[in-house]
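Shown next, in structure tokens, is the structure this report addresses.
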Amino acid sequence: MTTTIETAAGTAQTMVLNMGPQHPSTHGVLRVILELDGEIVVKAQPVIGYLHTGIEKSCEAKTYSQAITLTDRIDYLAPLSNNLCYCLAVEKLLGLEVPKRAQYIRVLLTELTRIGSHLVWLGTHAIDLGAMSVFLYTFREREEIMKIFEFVSGQRMMTSYFRIGGLALEPPPGWLDHVSRVIDALPGHVDEYEDLLTTNRIWLGRTQGIGILSAADAIAMGASGPMLRGSGVAYDVRKAFPYSSYDEFDFEVQTQTAGDCFARYQVRVAEIRESIKIVRQAMNKIPAEGPIRTVAPGIVPPSREEMKTSIEGLIYHFKIFTEGFAPPPGEVYQVIESPRGELGFFVASDGSAKPYRVKVRAPSFINLQSLSKLAEGRLIADVVACIGTTDIVLGEVDR
Amino acid sequence: MESEFTDKNPVVHKLREWDAQAVAEVIDFRGETTVVVPGEHLLRAAEYLASEPSLRFSFLSDITTVDRFPLEPRFEVNYHLLSLDRRERLRLKVRLSGSDPMVHSVIPVWPTANWHERENFDLFGIRFEGHPDLRRILMPDDWEGYPLRKDYPVEGYR
């Protein structure tokens, strides 16, 4: 890839340095072209596209149900959030309502996804800044969350567990005990990370006052999620546009006003604690029995029992898996709060069985745009802290 | 003429009051409002929606294109706006011809549009007038064609 680099004034003294695409602290294949004056970053220009896989184009060649598997692979640290947003978008297109039990299970699992994603972020961000041990701890806890996903859906990462109209499978018996074991241990572990970091002088020195994004800039640059809330804007899709019964849950939107790397760290750690609260509430709300899929013949597959015993069930099953279903023509834009921010799916239907257009509003892609603002005028080492607290997933940036 | 329109959405009503020319069509679907804006009025309408104190659409969530090939006008560029404090969304839609898909950039109103517009240029070949840095963003610089257009194959050779 050839890229023309524009250099700022006084080029005689500046040097251009490529950070990435193969660099351990760019969390994937991000390339940042740094223009340096000594060790000061004059200009930081992110170059992306190294992981572009054409997911949006591929979706157009799949049926609505088949495209779910592709959404897993967009943000591979939060596959369930992507599943949820896509399913909600198609359900909106169809005008489907999902049973309450399925909604609560969706909330519980996406909140676990948020915790898991924030744990990966915390571990990798700490390792970038030289705090090795936190990484080992957070991955220990994340592994327990992955085990829950494996227990429930059969897959650790690419779960594809949320389907249009509900869930793929009935969760196995005893799964809530498993969740409660993990969740009960978690607050103590979060205290452990905070012990290591929150008052650590090196940590404060590396994050406080670094990568400052003002509230006005954050809004102008379209930043969302912890990036926006770290700058003092209390916008959370779960509160502003509740989906999947989030309005029935009691939680606080976490904000900080400093807008620096430390503020974003505080927001994310506080969000882990809020997510624990939501998971606990969801555990109490989920009824022991009840449907996990809505009844919509021709759209949502019939139960195994019905497929085996009734001729209509068999026909619908066959038609759904061979031809798919055709939503009415129209366009919808559905947003959810993914661990990284406002995740949006724009789905356009032309009345056929395949989506006419699927667009992903990837929060990482847009948050990354602010990187130049965060890093310019700082030291090279601070660029690493800035990339870290932007919390990008390159799979989502490049799609 | 005025009584002909019954705008359920107060935002659409305001926009029409401000300039009836800026609203070519209003589409309501599944509780989402889409305002079709003629391309030449887009930047003005964007400025109005973002700065009008009673609307405050200060956050641009997304820009995306739909290719209606072989229909004309071929491209539909969708702008997803959000008013953070009023908790309201609005979609603006601009229809562009296939022969010369060009529309004014909205970077002066929402700086975040920079990468969104580069993406739409890269994948659909829409040109944004006044964009300071209109280069490919996801595909390599020397790539030929616009991959998300409907006349571009999903697999195989071009």
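Just so you know, the protein sequences line up as chains A and B, in that order. Under my numbering, the letters of the first sequence match residues 602 to 1000, in that order. Under my numbering, the letters of the second sequence match residues 258 to 415, in that order. Every residue gets a Cβ at the ideal spot worked out from N, C-alpha and C, and that includes glycine. Computed from a predicted model, the values in this text were never measured in an experiment.
| Item | Value |
| --- | --- |
| At the 8 Å Cβ level, is GLY621 (chain A) part of the contact set with chain B, yes or no? | no |
| Evaluate SER781 (chain A) with the Cβ neighbour count: other Cβ atoms within 10 Å of its Cβ, from every protein chain shown; 16 or more gives buried, anything less gives exposed. | exposed |
| Let's see if you can read the secondary structure: which residues bound the alpha helix (DSSP H) around LEU723 (chain A)? | 701-729 |
| Any C-beta of chain A within less than 9 Å: which residues of the stretch 284-308 of chain B qualify? | ILE284, PHE286, ARG287, GLY288, GLU289, THR291 |
| Look at the Cβ atom of VAL933 (chain A), then the Cβ atom of LYS693 (chain A), and state whether they are nearer than 8 Å. | yes |
| Compute the Euclidean distance between the alpha carbons of GLU997 (chain A) and THR990 (chain A), then round it to the nearest angstrom. | 16 Å |
| Tell me which residue opens and which closes the alpha helix (DSSP H) that MET733 (chain A) is part of. | 733-754 |
| Three or more beta-carbon pairs under 8 Å between the stretch 788-799 of chain A and the stretch 832-840 of chain A, yes or no? | no |
| Measuring straight from C-alpha to C-alpha, what distance separates ALA859 (chain A) and GLY952 (chain A)? | 48 Å |
| For VAL372 (chain B) versus PHE966 (chain A), is the C-beta distance shorter than 8 Å? | Correcting the residue type first, residue 372 (chain B) is Trp in the shown sequence and not Val. For TRP372 (chain B) and PHE966 (chain A), yes; Cβs fall inside 8 Å. |
| Are SER354 (chain B) and ARG331 (chain B) closer than 8 Å when you measure CB to CB? | yes |
| I need the straight-line Cα distance from VAL868 (chain A) to GLU329 (chain B), nearest angstrom please. | 48 Å |
| Tell me whether PHE326 (chain B) is buried or exposed, calling it buried when 16 or more other Cβ atoms sit within 10 Å of its Cβ. | exposed |
| Within 8 Å of any Cβ in chain A, is that where the Cβ of PRO365 (chain B) sits? | no |
| Can you find a CB in chain B that lies within less than 8 Å of the CB of MET602 (chain A)? | Caution is warranted here: a pLDDT of 47 is assigned to MET602 (chain A), below 50, making its placement in the model unreliable, and the coordinate value is therefore given only provisionally. MET602 (chain A) counts as touching chain B. |
| Is LYS960 (chain A) close to chain B, meaning its C-beta is less than 8 Å from at least one C-beta of that chain? | yes |
| Where does ASN968 (chain A) land, buried or exposed, given buried means 16+ other C-beta within 10 angstroms? | buried |
| Have a look at GLY826 (chain A) and PHE750 (chain A) and give me their C-alpha separation to the nearest angstrom. | 24 Å |
| Is there a C-beta anywhere in chain B that falls below 8 Å from the one on ILE765 (chain A)? | no |
| To the nearest angstrom, report how far apart GLU636 (chain A) and ARG273 (chain B) are at their CA atoms. | 48 Å |
| Can you tell me the Cβ-Cβ gap for ALA954 (chain A) and GLY925 (chain A), rounded? I've got them flagged as a contact below 8 Å. | 4 Å |
| Taking the beta carbon of ASN885 (chain A) as the centre, do at least 16 other beta carbons fall within 10 Å, making it buried, or is it exposed? | exposed |
| Using only the alpha-carbon positions, how far apart do GLU289 (chain B) and GLY789 (chain A) sit? | 44 Å |
| Determine the extent of the beta strand (DSSP E) in which THR322 (chain B) is found, giving its start and end residues. | 316-324 |
| Within the same chain, show all residues whose beta-carbon is closer than 8 Å to that of PHE820 (chain A), passing over the 5 residues directly before and after it, in chain order. | The amino acid at residue 820 (chain A) is misidentified as Phe; the sequence shows Ile. The answer, listed in chain order, is LEU829, VAL834. |
| Please identify the residue among A:THR615, A:GLY717, A:GLY724, A:GLU657 whose C-alpha is closest to the C-alpha of ALA986 (chain A). | A:GLY724 |
| Helix, strand or coil for GLU997 (chain A), going by three-state DSSP, please let me know. | helix |
| Going by beta-carbon coordinates alone, are THR739 (chain A) and VAL753 (chain A) separated by less than 8 Å? | no |
| Alpha carbon to alpha carbon, how far is ARG236 (chain B) from LEU697 (chain A)? | Because residue 236 (chain B) is not part of the residues shown, which for chain B are 258 to 415, the question remains open. |
| Below 8 Å, can you find three or more Cβ-Cβ pairs linking the stretch 874-881 of chain A to the stretch 705-721 of chain A? | yes |
| Residue range of the alpha helix (DSSP H) that GLU657 (chain A) falls in? | 656-660 |
| Where does the unbroken beta strand (DSSP E) through ARG807 (chain A) begin, and where does it stop? | Per DSSP, ARG807 (chain A) belongs to no beta strand (DSSP E); it is in the alpha helix (DSSP H), 802-808. |
| Would a check of beta-carbon distances place VAL360 (chain B) closer than 8 Å to chain A? | no |
| In or out: GLY731 (chain A) buried (at least 16 other Cβ within 10 Å) or exposed? | exposed |
| So LEU647 (chain A) packs on LEU995 (chain A), CB below 8 Å; how close in whole Å? | Position check: residue 647 (chain A) holds Pro in this sequence, whereas Leu was assumed. Not confirmed; about 11 Å, so no contact. |
| Can you give me the Cβ contacts of ASP342 (chain B) inside the same chain, cut-off strictly under 7 Å, excluding the 5 residues immediately before and after it? | ARG313 |
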